[in-house]
Every structure is written in C-alpha cells, then in structure tokens.
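Taken in order, these protein sequences are the chains called V and W. Each position in the first sequence, counted from 1, maps to that position plus 278 in our numbering. Each position in the second sequence, counted from 1, maps to that position plus 666 in our numbering. The beta carbon of each residue, even a glycine, is placed where N, CA and C say it ideally should be. Please read these numbers as outputs of a predicted model, since none were measured by experiment. Since the structure comes first, as structure tokens, the remarks are kept for the end.
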Amino acid sequence: MNSLRVNARVIRALGMRSIRQTFRRPQLMAPILVFPTLLLAVQTGGAGGAVDLPGFPPVQGFLQFMLAGAMMQSLMLAGNSGGIAFAVDIEMGFTDRLFAAPVPRYTIVLGRLAGVAALGFLSAVWFFAIGLAFGAEVHSGVAGVLIAVFLVTATATAVGGIGAAIALRTGSASVVQGLFPLVLVVLFLSSAFFPVDLMVQPAKAIAEYNPFSFIVEGVRTPIIAEVDATDLLEALLAIAGIVVLGLVLSARALRHRLRTG
Amino acid sequence: MPAIAVERLERAFGDVLAVRGVDLEVDEGEIYGFLGPNGAGKTTTVRMLTTLLLPTAGRATVAGHDVVAEARAVRASIGVALQEAALDPLMTGRELIRLQATLQGLPTAEGRRRADDLLERVDLIAAADRRVGGYSGGMKRRLDLAAALVHEPRVLFLDEPTTGLDPVSRKTIWEEVRALNDEGTTVFLTTQYLEEADQLADNVAIIDQGRIVAEGTPDALKAEIGNPHVQLQLADGSVDAAERVLAEIGKLLPPSDGRTVLVEVENGAADIPRVVRALDDAGVGVEALELVRPTLDDVFVATTGHHLEKKQVPTTSSAPANA
Numbered sequence: 279m280n281s282l283r284v285n286a287r288v289i290r291a292l293g294m295r296s297i298r299q300t301f302r303r304p305q306l307m308a309p310i311l312v313f314p315t316l317l318l319a320v321q322t323g324g325a326g327g328a329v330d331l332p333g334f335p336p337v338q339g340f341l342q343f344m345l346a347g348a349m350m351q352s353l354m355l356a357g358n359s360g361g362i363a364f365a366v367d368i369e370m371g372f373t374d375r376l377f378a379a380p381v382p383r384y385t386i387v388l389g390r391l392a393g394v395a396a397l398g399f400l401s402a403v404w405f406f407a408i409g410l411a412f413g414a415e416v417h418s419g420v421a422g423v424l425i426a427v428f429l430v431t432a433t434a435t436a437v438g439g440i441g442a443a444i445a446l447r448t449g450s451a452s453v454v455q456g457l458f459p460l461v462l463v464v465l466f467l468s469s470a471f472f473p474v475d476l477m478v479q480p481a482k483a484i485a486e487y488n489p490f491s492f493i494v495e496g497v498r499t500p501i502i503a504e505v506d507a508t509d510l511l512e513a514l515l516a517i518a519g520i521v522v523l524g525l526v527l528s529a530r531a532l533r534h535r536l537r538t539g
Numbered sequence: 667m668p669a670i671a672v673e674r675l676e677r678a679f680g681d682v683l684a685v686r687g688v689d690l691e692v693d694e695g696e697i698y699g700f701l702g703p704n705g706a707g708k709t710t711t712v713r714m715l716t717t718l719l720l721p722t723a724g725r726a727t728v729a730g731h732d733v734v735a736e737a738r739a740v741r742a743s744i745g746v747a748l749q750e751a752a753l754d755p756l757m758t759g760r761e762l763i764r765l766q767a768t769l770q771g772l773p774t775a776e777g778r779r780r781a782d783d784l785l786e787r788v789d790l791i792a793a794a795d796r797r798v799g800g801y802s803g804g805m806k807r808r809l810d811l812a813a814a815l816v817h818e819p820r821v822l823f824l825d826e827p828t829t830g831l832d833p834v835s836r837k838t839i840w841e842e843v844r845a846l847n848d849e850g851t852t853v854f855l856t857t858q859y860l861e862e863a864d865q866l867a868d869n870v871a872i873i874d875q876g877r878i879v880a881e882g883t884p885d886a887l888k889a890e891i892g893n894p895h896v897q898l899q900l901a902d903g904s905v906d907a908a909e910r911v912l913a914e915i916g917k918l919l920p921p922s923d924g925r926t927v928l929v930e931v932e933n934g935a936a937d938i939p940r941v942v943r944a945l946d947d948a949g950v951g952v953e954a955l956e957l958v959r960p961t962l963d964d965v966f967v968a969t970t971g972h973h974l975e976k977k978q979v980p981t982t983s984s985a986p987a988n989a
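What follows is the structure, encoded as structure tokens:
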C-alpha cells in the first residue's frame, strides 16, 4: 500500500513536471492550443457553408460540428508533443536520472502520460470555452460536456502512450517530431474535419475504419445531438485499442532501452 | 562486506566488447577512482553498476544487492551523478531536488527540508528558484551532486564529475567529495584526470580498452614503477663531471638533452641535500634542480604503452616508463 502511494506521488510529480515543461517551452504549447484554434477559426470562417451540403449531419452551425475535430487535433498534437518532450529527456540523459531511482520504471512512463492527460483535459475545456463563447451549443448539456471531456482526456493519454513508445524506441526527438505531418494525415483521413458520408474514395473507406473516426463521433455526438450509447461504446473501444497498442509498444521499447542502454 | 563487488563483468554491444571481464572490490567508506581515457569502458561499467544497463556476463553487487536480481534495492542505496549533468534546463534547482526526493520516496515535508539543506550545502540557495538553463557548468555539477545526495545514499557514483569544469569549480567539487567521504559515504569516481584520481582516491583502478590493467593505492601503483629521480639542469660542459659524481649516489637515467642529468634517488626529497653537496664538492654548477616523482600516467604508460593525458602538467613530467 505504501509503495502504491509512493508510486502515485511519483506519477503526480512527473506529471506536474511534464505540464510545467510544456508551459515553459512555447514550441510545445503552440501545436496543442494555438494551431488547432487557428485552424478552427479559419475553417469555421471559410467553410461554414458546408453545413448546407446534402448529407451533412444536422448541426446548429459549422463551429458546433468542428469542435470535436479541433479537440482531436489538439489532443493528438499534445500526445506528439509529449513524445517529443520524452525523447528530449532521453537525449539529454534526464531519463537516466529517473531510471536510476528506486521506483518501478513504468511509473516514469505513466508520469509522462499523466502530463499528456492533463493537457488533453485542458484542450477539451479550452475548445468548449471557445465554442460556447462564439455561440456554439452543446446539445446534450452538461452530461455531453463531461462525456466529451472524458473521451478527449482518455484519447490524449492513449495517443501519448504511442508517442512515449516511439520516444523510448528511437530516443530521438527529431524522429518523434517527424511524425507531426502523419498526425495531420490520420486526422484528415478521419471524420474530424468532414463527415465521412461526404468524402470520396479511397479517403471515405479509410475514414470509415480509422479508429479516430469512432473517437471523433463519440466526442461530437453529445455536442450536436443526444448522447448515443453506440457511438460512446465504439469510441471507448477505439480508445482501449490505442491504449493497449501504446502499452505494448511502450513496454517493449522500455525493455529494449534497458537492455541496450 | 564490500560496498561494491564485481566479478568478471562484461558488456558487449553487438560484436564490440566494451567491458571485458572486470573484477574489482570497493570497501565501505573509501573513494575508489576508476581511471581511463575516453572509450575505455568507465561509463559502461558505471551504467551496469547503477542498473541502467544489463551486463552480458559476470555479476556485481552494490551495497550487498545484486545489480540484476535486486536492481531496485541497489537503486535505493545509491546516488548517481552521471557524465555531463543530466539536468532539465526548464526546471529550477529547487524543483529538481524536490523531484529527486519524491523519486527516492521521501515524504513531502522531509523532501523539502532536504532540498533546502542540500542547496545550502552546495551554495546554490540564492539560485534555487532560477531555471537550471541559466546556471554555469560548475553550478550544474553542484546541483547534480546535491540531487544525488537527497536520500543520503550509502554509495555515490560520480561519472567524470569535473570534466569540462574550470579549476576553481573542480576544486569545489573535490572538497565536497572529500567531505562526503569523511561523513562515511563510499564514492565510486570515474575520471580521465590523473590529478583527480591522485588527489581523491584511496584506491585506483586503471581501465583501458575494457580491461583493468592496474589496481591499488596511488602510492603503491607509482612505487611499482620505480623511485623518484632528481632532474638537474647543468652549465655547459659539466655534464660528464656531474654524471661521474652522481653515479655513486644513484642509477643514472637516460637524459633528454645534453645539459640535463637524471639520477634515481631512493629516498626522494631526503636525498636532495646529498646530491647538491656532492656536486658542490666536485665544483659542478647547477642551474636548476627538480625532484620528479612517478605519476599515474607513468603507471598508465607502463601498463598500456600509451599516455592517458596528451598534455602533462609541469610538476609530473617525463619520468621514463621503466624508471
């Protein structure tokens, strides 16, 4: 029990460090809030007429539709930034300081993920604040907000797990940073910025099976309509899949790093 | 029980054997110098002893715990300051020490108290709330050392703690290492500086190409090389006369030029008056005289065939390897 408490304190302390690190390094903060906010403004201002297209889901306005996409972009870049920061720690030897401490080594990865989760939470709150400030409504009310915030936070943690795994495997911040465009490709090939039904092939086929489409719909549905149990369950399953993938990859990468130094 | 015991420790990276069957033993409370050039295997050995890297053969115990089977117990007993202080430039000094205290499982209040004490001890209290990125090299090393001490470890590993530091900062670190050792901490210190090993270490192991080539106290290692010698700079034309006189005092060593005579003396400085008197009686004028003692570099040369340091400091110069 005592060791559990110590481990929890370590995860919290490392999570706090991770958050401070992000706020003190503007190049990590910019992709998480600034870029998605700008993209949201540009898309909402420039493509607002899309809501009149036949087949577009019934929404109050394009901003309401886009909130989930902006949150997804933000959380994925938060996960990527978490991976970059972890890789920087490896490059400068800071992780050696952590690995030389008498705590289970998974706590070090979980500490980093705790920081990413907090940034995911911040991102969800930020975009809800912007949405509400500019007149978007959350159709399912407070319950919808809580569900969306939970899904965004959980997804950020899951994506952070993949970022941490790549950081541990490569030990190179530039490699993790190189995944930045891939994040955008994954997002554009999902329902984050456009309804799947209005896409053309092959993007439509990819988006239909892209796990991030399921998560986006899980976040979006309570904003534009009533909470839908199927959408919620599919989103949770998609998140669970990414969590498992991140955990397996992180555990393997951690073992590899400790074996090879 | 030794603080550190290592038996036939090996580490391979692919086909390259970085550490080749290292055996060593470090007693409780001693400063053990691990001396060798870059790439000799010092850091790889330290990384295995601090559980950051798995050995590929052999075994080692630190503070009585096996570095592979009881890695977490090892980590609870040691403090580690690795090469090129691995500090987050975005953290403040105080944040770093408090984080280290949490990592070591100290309760919050105790961690805060220890952080303040240690920052005071390493003279960083005034800079404690500044970001580490603005610290000088010496300040970073002192902070790194303080972080390694937060849980009062039994064994402290310092991997090249003064590399790249100016002489004043280096001396400050030496004083702190001595003080820690006086308090009972066992120190395992890797260095590529002869003077550092000579000044600080109770025992020294010299490692080259992954193997330990010599081990013992600095004095014993130097004594194995031979006696000290007196180096005399003479007036022109008096070398032959000086050599005739000095041959009766000690063994003459090959001179480096036509105006210098080297004579081995068994009793070191105590033999200098005898040398001076003999030359004076023979009417040989001496322009300069210096007692040259064997150095750890001489030990290194004798055991490996090459110098450890490319540039020698003047007081430790040029005793022949076979002197």
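Exercise for the section: Give the DSSP bridge partners of L955(W), in chain order. Expected result: Working through the second sequence from its first residue, we reach residue 955(W) at position 289. For L955(W), which the question treats as bridged, DSSP gives the partners L898(W).
Practice task
May I ask you to report which of helix, strand or coil DSSP gives G524(V)?
Solution key: As a first step, residue 524(V) is located in the first sequence; it is residue number 246 there, counting from the start. Three-state DSSP puts G524(V) in a helix.
Practice task
Measuring alpha carbon to alpha carbon, tell me which of P336(V), T373(V), G393(V), V337(V) ends up nearest T300(V).
Solution key: Sequence index remark: in the first sequence, residue 300(V) carries index 22 (1-based). Comparing Cα-Cα distances from T300(V) to each of P336(V), T373(V), G393(V), V337(V), the minimum goes to G393(V).
Handout entry: Where L510(V) falls: helix, strand or coil (DSSP)
Key = Counting from one through the first sequence, the residue named residue 510(V) turns up at place 232. It is helical.
Exercise for the section: Pull out every residue of the region 368-383 of chain V whose Cβ sits closer than 7 angstroms to any Cβ of chain W, in chain order. Expected result: M370, G371, F372, D374, R375, L376, F377, A378, A379, P380, V381
Problem - Contacting residues, own chain, Cβ-Cβ under 6 angstroms from G389(V) (five flanking each side not counted) - result: In the first sequence, counting from the first residue as 1, residue 389(V) sits at position 111. Taken in chain order, the residues that qualify are I289, L292, G293.
Problem - Near-chain W residues of the region 286-310 of chain V - C-beta to any C-beta below 8 angstroms - result: R287, V288, A291, L292, R295, R298, Q299, R302, R303
Practice task
State the Cα-Cα distance for the pair A408(V) and A414(V), rounded to the nearest angstrom.
Solution key: Working through the first sequence from its first residue, we reach residue 408(V) at position 130. Working through the first sequence from its first residue, we reach residue 414(V) at position 136. According to the sequence displayed, residue 408(V) carries Ile and not Ala. I408(V) and A414(V): Cα-Cα distance of roughly 9 angstroms.
Handout entry: Under 8 angstroms between C-beta atoms of V430(V) and L353(V)
Key = As a working mapping, residue 430(V) is identified with position 152 in the first sequence. As a working mapping, residue 353(V) is identified with position 75 in the first sequence. Yes.
Practice task
List the residues of chain V whose Cβ lies closer than 9 angstroms to the Cβ of R796(W), in chain order.
Solution key: Residue 796(W) sits at position 130 when you count from the first residue of the second sequence. What R796(W) touches in chain V: nothing, since even the nearest Cβ is about 13 angstroms away.
Practice task
Would you verify that the beta carbon of L715(W) is, or is not, closer than 8 angstroms to some beta carbon of chain V?
Solution key: What you label residue 715(W) is simply residue 49 of the second sequence in a count that begins at 1. Cβ-Cβ to chain V under 8 angstroms: no for L715(W).
Handout entry: For L753(W) and V685(W), the rounded distance between their alpha carbons
Key = The sequence position of residue 685(W) within the second sequence is 19, counting from 1. The sequence position of residue 753(W) within the second sequence is 87, counting from 1. Computed Cα separation, rounded: 27 angstroms.
Practice task
Hey, could you find the ends of the beta strand (DSSP E) Y698(W) is sitting in?
Solution key: On the second sequence, residue 698(W) is found 32 positions in, with the first residue counted as 1. First-last of the beta strand (DSSP E) with Y698(W): 697-701.
Exercise for the section: Could you tell me if E761(W) is buried or exposed, where buried requires 16 or more neighbouring beta carbons within 10 angstroms of its beta carbon? Expected result: In the second sequence, counting from the first residue as 1, residue 761(W) sits at position 95. Buried, by the Cβ-count rule.
Exercise for the section: Report all residues from its chain with a CB closer than 8 angstroms to the CB of A735(W); omit the five preceding and five following residues, and keep chain order. Expected result: Here residue 735(W) corresponds to residue number 69 of the second sequence, with the count starting at 1. Closer than 8 angstroms at the Cβ level, and outside the excluded window around A735(W), lies no residue.
Exercise for the section: Kindly indicate the opening and closing residues of the beta strand (DSSP E) around R686(W). Expected result: Translated into the one-based positions of the second sequence, residue 686(W) becomes position 20. R686(W) -> beta strand (DSSP E) spans 682-692.
Handout entry: Exposed unless 16 or more other CB atoms sit within 10 angstroms - verdict on A901(W)
Key = Walking along the second sequence from the start, residue 901(W) turns up at place 235. Looking at its Cβ environment, which holds fewer than 16 other Cβ atoms inside 10 Å, A901(W) is exposed.
Exercise for the section: Within the same chain, show all residues whose beta-carbon is closer than 7 angstroms to that of A880(W), passing over the 5 residues directly before and after it, in chain order. Expected result: In the second sequence, counting from the first residue as 1, residue 880(W) sits at position 214. Same-chain partners within the cutoff: I872, L887, V965, T969.
Handout entry: Among Q766(W), G771(W), R677(W), L748(W), the one whose alpha carbon lies nearest that of R725(W)
Key = One-based indexing of the second sequence puts residue 725(W) at position 59. Cα-wise, what sits closest to R725(W) is R677(W).
Problem - is_contact[V461(V), chain W] using C-beta, thresh 8 angstroms - result: Numbered from its first residue, the first sequence carries residue 461(V) at position 183. Not closer than 8 angstroms to any Cβ of chain W, the Cβ of V461(V) fails to qualify, so no.
Exercise for the section: Report the rounded CA-to-CA distance for R844(W) versus D693(W), giving the unit in angstroms. Expected result: Along the second sequence, read from residue 1 onward, the residue named residue 844(W) stands at position 178. Along the second sequence, read from residue 1 onward, the residue named residue 693(W) stands at position 27. Each residue's Cα considered, the two are about 16 angstroms apart.
Practice task
Count the other CB atoms, across all protein chains shown, that sit within 10 Å of the CB of P833(W); report buried if there are 16 or more and exposed otherwise.
Solution key: The residue you call residue 833(W) lines up with position 167 of the second sequence. Exposed: under 16 other Cβ atoms inside 10 Å.
Handout entry: Minimum C-alpha distance to L532(V) - residue among T373(V), G357(V), D330(V), L410(V)
Key = Taking the first sequence and counting its residues from 1, one reaches residue 532(V) at position 254. Closest by alpha carbon: T373(V).
Handout entry: Length at least 4, wholly inside the region 790-864 of chain W: the alpha helix (DSSP H) runs in chain order
Key = 803-814, 833-848
Exercise for the section: Check the Cβ-Cβ distances between Q978(W) and every residue of chain V, and say whether any is below 8 angstroms. Expected result: Locating residue 978(W) in the second sequence gives position 312, where the first residue counts as 1. Residue confidence is low: Q978(W) scores 41 on pLDDT, short of 50, so the model does not pin down where it sits. No coordinate-derived value is stated.
Problem - DSSP state of T774(W) mapped onto helix, strand, coil - result: Within the second sequence, numbered from 1, the residue matching residue 774(W) stands at position 108. It is helical.
Exercise for the section: Quick one: residues in its chain with C-beta nearer than 6 angstroms to the C-beta of L376(V), no 5 flanking neighbours on either side, listed in chain order? Expected result: Here residue 376(V) corresponds to residue number 98 of the first sequence, with the count starting at 1. Hits under 6 angstroms: I386.
Exercise for the section: Look at the Cβ atom of A814(W), then the Cβ atom of M805(W), and state whether they are nearer than 8 angstroms. Expected result: Here residue 814(W) is taken as the residue at index 148 of the second sequence, counted from 1. Here residue 805(W) is taken as the residue at index 139 of the second sequence, counted from 1. Against a cut-off of 8 angstroms, the Cβ pair of M805(W) and A814(W) comes out as no contact.
Problem - Below-8 angstroms beta-carbon distance, L424(V) vs any chain W residue - result: By one-based count along the first sequence, residue 424(V) stands at place 146. Contact of L424(V) with chain W is not assigned, every C-beta pair being separated by 8 angstroms or more.
Practice task
Taking N869(W) as part of the beta strand (DSSP E), name the residues at either end of that continuous run.
Solution key: To locate residue 869(W), count along the second sequence from 1; it is residue 203. 869-874 is the extent of the beta strand (DSSP E) around N869(W).
Exercise for the section: Could you tell me whether the Cβ atoms of V712(W) and D825(W) are closer together than 8 angstroms? Expected result: Locating residue 712(W) in the second sequence gives position 46, where the first residue counts as 1. Locating residue 825(W) in the second sequence gives position 159, where the first residue counts as 1. Against a cut-off of 8 angstroms, the Cβ pair of D825(W) and V712(W) comes out as a contact.
Exercise for the section: Indicate the three-state DSSP secondary structure (helix, strand or coil) for T758(W) in the structure shown. Expected result: Here the question's residue 758(W) lines up with position 92 in the second sequence. The answer is strand: DSSP assigns T758(W) an E or B state.
Practice task
Please check the pair G876(W) and L683(W), which I expect to be a contact at CB under 8 angstroms, by giving their CB distance rounded to whole angstroms.
Solution key: If you number the second sequence from 1, residue 876(W) lands on position 210. If you number the second sequence from 1, residue 683(W) lands on position 17. With a Cβ gap of about 6 angstroms, G876(W) and L683(W) count as contacting.
Practice task
Specify the secondary structure class of E881(W) as computed by DSSP and reduced to three states.
Solution key: Reading the second sequence from its first residue, position 215 is the one you call residue 881(W). E881(W) falls in the strand class under three-state DSSP.
Exercise for the section: Kindly say whether V478(V), judged by its beta-carbon, lies nearer than 8 angstroms to any beta-carbon of chain W. Expected result: Sequence index remark: in the first sequence, residue 478(V) carries index 200 (1-based). For V478(V), not one C-beta of chain W is nearer than 8 angstroms to its own C-beta.
Exercise for the section: Note down the Cα distance separating P380(V) from A742(W), rounded to an integer number of angstroms. Expected result: Translated into the one-based positions of the first sequence, residue 380(V) becomes position 102. Translated into the one-based positions of the second sequence, residue 742(W) becomes position 76. Distance between the alpha carbons of P380(V) and A742(W) is about 5 angstroms.
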